[in-house]
Every structure is written in structure tokens, then in C-alpha cells.
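Residue numbers (the working numbering), protein chains in the order written: chain A, 1 to 91; chain B, 101 to 191. Beneath this line is the structure, given in C-alpha cells, with notes to follow.
2 protein chains.
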Amino acid sequence: MIKLLTNDTLGLIAGALTTLAFLPQIIKTYRSKSADEVSFATFTMFAVGVALWDLYGIKIHSIPVVVANSITFILSLSIVIMKVIFSINKK
Amino acid sequence: MIKLLTNDTLGLIAGALTTLAFLPQIIKTYRSKSADEVSFATFTMFAVGVALWDLYGIKIHSIPVVVANSITFILSLSIVIMKVIFSINKK
């Protein structure tokens with residue numbers, strides 16, 4: 001089946017999964033108002049990394065890389081922001 | 101500076117960041133032996149997604165996409181496995 005997919009379609013499915021993957025973590029963290037077990041370094045490095053993937057996608061003219069990483073950037077950054085806010089509120 | 105980087109170099113730096121990003125979460129989870137606040141759905145969807153990114157990278161002949169996502173697959177899967185083991189051990 002994978003052979004039948006165009007490169008862009010496969011990339012968009014992959015991008016949809018790695019992008020939407022962040023939603024359950026966002027919902028879980030928002031509901032529990034706690035993210036002590038979630039690593040700040042992980043999601044910060046991730047946000048910076050996907051910003052660079054965006055630049056890479058622009059340079060190689062890959063629509064799936066640009067679209068997926070732009071959304072992932074916003075989602076991973078929102079986990080970082082929630083973690084900071086909830087950790088301040090706990091003090 | 102980014103204009104001076106070749107596409108592959110930029111992709112490899114981006115890949116190094118989004119790949120190494122998982123290490124702090126792995127270390128944190130391994131030390132605390134608890135991952136209740138870490139979303140199972142997030143890291144499972146992520147592992148499947150990066151496996152598809154791998155196929156995409158093979159199809160578009162992008163070394164950075166293949167290398168980064170192969171390592172990310174192993175790391176995100178190890179977070180899923182740790183979460184399952186620690187949650188079983190708690191019962």
C-alpha cells in the first residue's frame with residue numbers, strides 16, 4: 001500500500017501522526033494542571049529542533065516537512081508554556 | 101549563518117535536536133520510575149509517526165530524515181515501554 005502513496009501523501013500522514021501526537025499530552029497536562037513528570041528540556045529542545053526542521057523543509061521545498069513542523073512547533077511550545085505556568089502556580 | 105549551511109547539515113542539526121530531545125525525558129522517567137503524567141497516546145502515536153517519516157525519508161532519499169527518525173523511533177518507543185513497565189509495577 002505504501003508503494004501506492006505519493007511521497008507527499010506519505011509525508012503528510014507521517015506529519016499528521018507526529019503532529020497530532022502532541023494533542024493527548026496537551027489535553028492530559030491541561031486537565032491535571034501538573035507536568036512535573038514531563039521533561040522541560042525535552043519539549044524545549046523539541047520546539048527548537050522542529051523550528052530548524054521548518055527551515056530545512058523550506059530549503060528542500062518539502063511541503064509536508066514545513067506544514068507538519070510548523071504545527072508541531074506551536075504544540076510543543078504550548079506544552080513548555082503550560083509546564084512553566086503550572087509549576088509557578090504550585091509555588 | 102543558516103544560509104551558509106548545506107541542506108543536509110541543517111537537517112542533521114535539526115534531527116540531532118529533535119532526537120536528543122527525548123533523552124532528558126528518558127532520564128527523568130527512568131530516575132523517577134514513574135510516568136503517570138506522560139501521555140501513552142502521545143509517545144505511541146509519535147513512534148508510529150516517525151516510522152512513517154523513515155519511509156518518507158527513504159522515498160525522497162533524504163539522509164537526515166532517515167537517520168534522525170530511526171533514532172527517534174527507538175527513543176520514543178523506549179519511553180512507551182518504560183511507561184508500561186512502571187505502570188505495571190505500581191499495581
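The beta-carbon is built from N, C-alpha and C at its ideal position, and this holds for glycine as well. As the structure is a computational prediction, the values presented were derived from the model and not from experiment.
Do A/I63 and A/D8 come within 9 Å of each other at the CB atom, strictly closer than that value?
Taking 9 Å as the Cβ cut-off, A/D8 and A/I63 qualify as a contacting pair.
Residues of chain A with CB closer than 7 Å to the CB of B/V148, please, in chain order.
Within chain A, the residues near B/V148 are L17.
Closer than 9 Å between beta carbons: that is the criterion. Which residues of the segment 119-137 of chain B meet it against chain A?
Within the segment 119-137 of chain B, the qualifying residues are T119, L120, A121, F122, L123, P124, Q125, I126, I127, K128, T129, S132, S134, A135, D136 and E137.
Judging by CA-CA distance, which residue of B/A114, B/L105, B/T144 and B/L110 is the nearest neighbour of A/V48?
With distances taken between Cα atoms, A/V48 lies closest to B/A114.
Does B/S139 come within less than 9 Å of chain A when only Cβ atoms are used?
Yes - at least one Cβ of chain A is within 9 Å of the one on B/S139.
Can you list, in chain order, the residues of its chain with a C-beta nearer than 7 Å to that of B/I126? Leave out the 5 residues immediately preceding and following it.
Closer than 7 Å at Cβ, skipping near neighbours: L175, S178 and I179.
Please classify A/T36: does DSSP put it in a helix, a strand, or coil?
Per the sequence shown, the amino acid found at residue 36 of chain A is Asp instead of Thr. If DSSP states are grouped into helix, strand and coil, A/D36 belongs with coil.
With B/T142 and A/F22 assumed to form a contact (beta carbons below 8 Å), what rounded beta-carbon distance in angstroms separates them?
That pair is a contact at about 6 Å.
Name the chain B residues that come within less than 9 Å of A/I13, Cβ to Cβ?
Result: G149, L152 and Y156.
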